[in-house]
Amino acid sequence: MASKQMLHMNQGQEETSYARNSSAQGAEQNRMKPLIEAAIVDHLVTWKDGDCGLSCSSGPNAVALVSIALEATHRHFLQLRQPPPEVCILLNDLSYNDFNTVVKNLVPLRQINGERPTQVTGVVPGSFYERLFPSGSLHLVCSSNSLNWLSKAPEDLRINQIPAYDIDEHVRHERLAVVAGAYARQFRKDFTLLLQLRAKELAPEGRMVVSIPGRRCDQLINEISHIWGTVAQILAIMASEGVVDKAKFDSFYMPIYGPSQRELREIIQEEGSSSITEMRVHDLTSGMDSTFLTPNRVANSMRAALEPIINQHFGSSGEVMDEFVRTAEKHLSGQGSSHVNPVR
Ligand SMILES: C[S@@+](CC[C@H](N)C(=O)[O-])C[C@H]1O[C@@H](n2cnc3c(N)ncnc32)[C@H](O)[C@@H]1O
């Protein structure tokens, strides 16, 4: 399992970086736009400062959600013929995130009007499963494509040496309920904690707008997440061809879970500190430019998001990841279409 300290997307601006391979996640952020705008307009009566993006990663997506929020705020105050409020924009991710690139993206967002700083910016490294911000300070919290990452993979699977994806199809089906149940319990624990922590940090009437890659099917007997299902199939091919070690594959537990809409509702209602204003479910590809959905683009976006965690576990190198991309392309092309679902 990757420790939370080592988890990050591919850094920098190179060909394999997250910055250059995250268009699918960017499309999801665009879909959040009306919800962020509505949260701002609803909440502006009490708005003073404090706008935070959880798990920003790096590249164009890092500041996209706060830019949407800032534009909506400015538009609203322009309509009211009032000066915009002072805003503090804070971006969070784990400490191994490429914050150097993020900080460069934040500079254009800083604004000083005469003596008055109207927009100040900062980064807050740390896990969203810990306290990150002062009590009662946040008016809007946004997060995209990230809260499906668990604090850790379920320990009972590792202790009992139950692989998350058994290469033997029969054994895999027999154990699916055990594996999916362990992941679902870990998600419930983590998401409950996240809600409790943010409830302490949100200002009264503060809002959260989050988007989580989940699954449509309610039943537990399903793959634990779309991303894991696809990645496990690719790594299983590589293990059976001897490119990665089979024993290592059996002990690889990706800390990712795709919850269903019902699970999310239940956890939010049971935790009790927040209420749901609106919940939308949509396909991963809706509204997406189909040129982002070729096997090659999807394989490269998987690499950008998962190379560090795969390398850390398998002790592999760039060459193994090149093979991962080749295997992924072949596997995705074999699914019967030149266009496939994105993975995040
Ligand atoms: C797929 S990226 C999404 C990045 C960006 N929000 C977007 O939509 O493009 C997932 C991000 O979640 C971050 N992440 C995962 N677990 C986290 C945690 N416990 N605390 C903070 N960030 C976390 C990862 O480091 C990564 O940058």
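According to the UniProt record's numbering, the sequence shown is numbered sequentially starting from 1.
All C-beta atoms in this analysis are idealised placements derived from N, C-alpha and C, irrespective of residue type, glycine included.
query, result
"Put residue 363 into one of helix, strand or coil per three-state DSSP.", "Outside the shown range of the chain (1 to 344) lies residue 363, about which nothing can therefore be said."
"In the DSSP output, what is Leu138 paired with across the bridge?", "Leu202"
"Measuring only from the beta carbon, is Ser333 closer than 6 Å to any heavy atom that is part of ligand 1?", "no"
"Can you tell me the Cα-Cα spacing of Leu35 and Val209, whole angstroms?", "7 Å"
"How big is the Cα-Cα spacing for Ile89 and His282?", "29 Å"
"Given this structure, state the Cα-to-Cα distance separating Ala182 from Leu157, to the nearest angstrom.", "7 Å"
"If we require 3 or more residues per run, which beta strand (DSSP E) segments fall completely within the stretch 133 to 201?", "138 to 144"
"With a cut-off of 8 Å on the beta carbons, I'd call Val102 and Leu91 a contact; round off their distance for me.", "6 Å"
"Is any heavy atom of ligand 1 found at a distance shorter than 6 Å from the C-beta of Met9?", "yes"
"Secondary structure at Arg207, three-state DSSP: helix, strand or coil?", "strand"
"Please say whether Arg185 and Ile267 have beta carbons closer to each other than 7 Å?", "no"
"Grab the span of the beta strand (DSSP E) containing Ile89 for me, first residue to last.", "87 to 93"
"Can you give the beta carbon distance from Asp98 to Gly12, rounded, assuming they're within the 8 Å contact cut?", "6 Å"
"For the stretch 317 to 331 and the stretch 291 to 301, state whether three or more C-beta atom pairs, one from each stretch, are separated by less than 8 Å.", "yes"
"Is Ser57 buried or exposed, if buried means 16 or more other CB atoms sit within 10 Å of its CB?", "buried"
"Pull up the distance between the alpha-carbon of Ser143 and that of Pro154, whole angstroms please.", "23 Å"
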